[in-house]
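Down below is the structure, laid out as structure tokens.
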Amino acid sequence: MNISPGDVSMRRFYEAMVAVITPRPIAWVSTVDAAGTCNLAPYSFFNGVGVNPPTLMFCPANRADGGPKDTLANIRAVGEFVVNIVTEPFADAMKKSADETGPDEDEFVLTGTDKYPSTRVKPPRVRYAAAAIECELLTAMQLGVGPGGANLVVGRIVSIYLNDSILDAEGNPVPEKVNTIGRMGGPTYTKTNERFS
Numbered sequence: 001m002n003i004s005p006g007d008v009s010m011r012r013f014y015e016a017m018v019a020v021i022t023p024r025p026i027a028w029v030s031t032v033d034a035a036g037t038c039n040l041a042p043y044s045f046f047n048g049v050g051v052n053p054p055t056l057m058f059c060p061a062n063r064a065d066g067g068p069k070d071t072l073a074n075i076r077a078v079g080e081f082v083v084n085i086v087t088e089p090f091a092d093a094m095k096k097s098a099d100e101t102g103p104d105e106d107e108f109v110l111t112g113t114d115k116y117p118s119t120r121v122k123p124p125r126v127r128y129a130a131a132a133i134e135c136e137l138l139t140a141m142q143l144g145v146g147p148g149g150a151n152l153v154v155g156r157i158v159s160i161y162l163n164d165s166i167l168d169a170e171g172n173p174v175p176e177k178v179n180t181i182g183r184m185g186g187p188t189y190t191k192t193n194e195r196f197s
């Protein structure tokens, strides 16, 4: 079976994409608006881009009304964001932070997630995250319009916080200690604590 974007609904094509592009890492993005209100939301179209310059990308889709999500609006206004790495202890809070709320709502508060000041950017990081990547906006491109319209955000990495619990004796992060979770198709997730070479 072959399907093409023009032959099926956008929802059907999305379901096919997320069923086979797996597992997807989750960017739990923290931002602030111009008034200082914090936002925290997960995005599973996310990955690193390169190291020269050190960059990462994630793709926030538009809201159901066709407007930008608070994350994207905040990044455009302030030019900074933090990608918090999601591990098993944060699964429930991460899922709850995906709920659409008003721009004046602080998802850190709504999910009971502690915040902590970042080193180089205004948005705070998740306090007990295994790692948090501080970024300055490099570019934000609108790829689609209307409800579900895709946007591409590329950030220049300016600092990475590494929790001591994931480091070896030399201060290097150990993947087996990070135990991130990944997004699968539909409302399901996967653990990454089983590995092979």
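Sequential numbering from 1 applies to the sequence shown in the UniProt record's numbering.
Cβ coordinates follow ideal geometry from the N, Cα and C atoms, glycine included.
C-alpha gap between Ser4 and Lys69, whole angstroms
Taking the sequence shown and counting its residues from 1, the one referred to as residue 4 is at position 4. Taking the sequence shown and counting its residues from 1, the one referred to as residue 69 is at position 69. In a straight line, the C-alpha of Ser4 is about 27 Å away from that of Lys69.
Considering Ile75, what are the terminal residues of the alpha helix (DSSP H) in which it resides?
To locate residue 75, count along the sequence shown from 1; it is residue 75. Run containing Ile75: 70-78, per the alpha helix (DSSP H) assignment.
Suppose you measure from the CA of Leu152 to the CA of Ala61; what does that come to, to the nearest Å?
Residue mapping note: residue 152 aligns to position 152 of the sequence shown, counting from 1. Residue mapping note: residue 61 aligns to position 61 of the sequence shown, counting from 1. If you take the alpha carbons of Leu152 and Ala61, they lie about 9 Å apart.
Using the three-state DSSP reduction, which class does Ile166 fall into: helix, strand or coil?
Locating residue 166 in the sequence shown gives position 166, counting from the first residue. Judged by DSSP in its simplified three-state form, Ile166 adopts helix.
Would you check if the distance between the CB atom of Pro23 and the CB atom of Val82 is smaller than 8 Å?
Position 23 of the sequence shown, counted from the start, is the residue given in the question as residue 23. Position 82 of the sequence shown, counted from the start, is the residue given in the question as residue 82. Result no, Cβ atoms of Pro23 and Val82 do not sit closer than 8 Å.
So, at 8 Å on beta carbons, what are the nonlocal neighbours of Ala77 in its own chain, with the 5 sequence-adjacent residues on each side left out?
Translated into positions along the sequence shown, residue 77 becomes position 77. Correct list, in chain order: Asp33, Ala34.
Are the Cβ atoms of Ser97 and Glu88 separated by less than 8 Å?
As a first step, residue 97 is located in the sequence shown; it is residue number 97 there, counting from the start. As a first step, residue 88 is located in the sequence shown; it is residue number 88 there, counting from the start. Cβ distance not < 8 Å, so Ser97 and Glu88 don't count as in contact.
Taking 8 Å as the threshold, find out whether the region 107-119 comes into contact with the region 6-21 through three or more Cβ pairs.
Taking one beta carbon from each stretch, the region 107-119 and the region 6-21 have fewer than 3 pairs nearer than 8 Å; the two do not touch.
Under 8 Å between the Cβ atoms of Thr127 and Ser159?
As a position in the sequence shown, residue 127 is number 127, starting the count at 1. As a position in the sequence shown, residue 159 is number 159, starting the count at 1. Note that residue 127 is Arg in the sequence shown, not Thr. The beta carbons of Arg127 and Ser159 sit no closer together than 8 Å.
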